[in-house]
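Residue numbers (this note's numbering), protein chains in the order written: chain A, 33 to 251; chain B, -19 to 257.
Data block below; observations after.
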């Protein structure tokens, strides 16, 4: 099957797949950012139980395999009377895992600042809120641009988990399965999907690098 | 004599100054409230298990039998075999890709760069579908072991190539300049001076990367290779116990990966290098 034939037959499927991947990636990443902040706040809070839960959360979800988590959400939760539709299952699995990494990014962003700066800020008489707002958070955010760009790409790659449940329309990886169950797509059927991921990842890292160059603090 | 409060070790603790009596009371209150909330949350989860009957003995009792664990351990052995083989292949391939990319031979460097970016920018599931669905169309028959190991290895090799490159970049410039000034050829500089140091820098990262390899092997059921997950699925149909089995298997995976991460941190600590990501 040539490229033109493949695209004329299944072009719409690939387009739908790309849009499904993009939309799941976008929704997931927004949720990841919100939850990462919450988890990180819990981990730096002065309340020991919250710290412990935050740390436990990160250790569990950065070490669990994506497929195992997806299967638990999609096939085990209904036994506990939690029924989610397929798309929500994929998004929740992606969000739960990526939030662990997002929180780690924020933590290492905070850690790069150095104890001395906080002590200096405090000795100037800044209150706790001022230390956070004027010293810690601005610097932490700037140094996390690049790791978060990589996280966004990782989120996109993680949504490929969607191929393991019957999504409709299937996302970019599922389309390869879809095409090959109806025709012999050959290596091209695979390369079209791969190109979708690669071009998106390229654009994301281009934008991320540009933002990083603007806001980075040279040390 | 009053002792000074200990100097904060981590940024986490440095954010707060030593609390006064009022703040200490507030922190105690917050700690108590959050402890209650955490316990309530945990209780709600256990309660949901209880009311849906998932705590009943028939879902858990077979974990007391040796045969269950023997079967799971057989699966774990399969996982370890795939992960170890894929890890070794990825190590060699990643090193070759890095050497090609930094070789200074333009076409070779460009090719290695494209290959590296390709394997890094594509989900490993897509690579598995390539070996599972596409390769057989060209008349290549592969055992399920390789249908799983090769894509996992390829996906990891792209990442490892970048890890190695970060290690090479971390070697101080003076080392290369010194090697040049005593008349070593570029190849000898790489193999005698740069690489031995670079590898030492990246060993913790290489260990940490094993986590990704182990995670990727869990899709073995796509190609019906008997790994831990696949064997768990067999046991689920035998005992009709889905929730308990998947939870136990997930915990096993989490513990394995946690151990790998700890090992990476331990080695980094012992050798005094920072983990390069």
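A virtual CB, placed ideally from N, CA and C, is assigned to each residue, including glycine.
Since the structure is predicted, the reported quantities are computational estimates derived from the model, not experimental observations.
Figure out for me which residue from the options has the closest Cα to the Cα of residue i.
i             : options                       : result
residue 52/A  : 192/A, 128/A and 129/A        : 192/A
residue -7/B  : 62/A, 96/A and 142/A          : 142/A
residue 177/A : 247/A, 43/A and 225/A         : 247/A
residue 224/B : 70/A, 74/A, 83/A and 107/A    : 107/A
residue 234/B : 129/A, 82/A, 148/A and 137/A  : 129/A
residue 237/B : 219/B, 190/B and 217/B        : 190/B
residue 196/B : 75/B, 62/B and 244/B          : 62/B
residue 118/A : 227/A, 225/A, 74/A and 201/A  : 201/A
residue 250/A : 144/A, 101/A, 113/A and 88/A  : 144/A
residue 15/B  : 170/A, 147/A and 84/A         : 84/A
residue 175/A : 213/A, 225/A, 211/A and 240/A : 240/A
residue 55/A  : 214/A, 210/A and 190/A        : 190/A
residue 7/B   : 204/A, 79/A and 36/A          : 79/A
residue 121/A : 226/A, 199/A and 44/A         : 199/A
residue 69/A  : 116/A, 155/A, 37/A and 169/A  : 169/A
Are residue i and residue j touching if we call contact CB-CB under 9 Å?
i             : j             : result
residue 103/A : residue 196/A : yes
residue 104/B : residue 199/B : yes
residue 231/A : residue 49/A  : no
residue 114/B : residue 42/A  : no
residue 220/A : residue 61/A  : no
residue 229/A : residue 101/B : yes
residue 193/B : residue 112/B : no
residue 236/A : residue 188/A : yes
residue 72/A  : residue 139/A : yes
residue 37/B  : residue 97/A  : no
residue 215/B : residue 52/B  : yes
residue 82/B  : residue 13/B  : no
residue 39/B  : residue 221/B : yes
Within the 9 Å Cβ cut-off, does residue i reach chain B?
i             : result
residue 37/A  : no
residue 117/A : no
residue 100/A : yes
residue 229/A : yes
residue 130/A : no
residue 91/A  : yes
residue 46/A  : no
Does residue i get closer than 9 Å to chain A when you measure Cβ to Cβ?
i             : result
residue 149/B : no
residue 217/B : no
residue 157/B : no
residue -9/B  : yes
residue 32/B  : yes
residue 77/B  : no
residue 195/B : yes
residue 209/B : yes
residue 124/B : no
residue 117/B : yes
residue 65/B  : no
residue 43/B  : no
Please classify residue i as buried or exposed, where buried requires at least 16 neighbouring CB atoms within 10 angstroms.
i             : result
residue 94/A  : buried
residue 107/B : buried
residue 161/A : exposed
residue 119/B : exposed
residue 185/B : buried
residue 250/B : exposed
residue 133/A : buried
residue 81/A  : buried
residue 178/B : buried
residue 58/A  : exposed
residue 185/A : buried
residue 77/A  : buried
residue 234/A : exposed
Would you say the beta carbon of residue i comes nearer than 8 Å to a heavy atom of the ligand MN?
i             : result
residue 231/A : Inclusion of the ligand MN in the displayed structure is not the case, the ligand content being empty and no account of it being possible.
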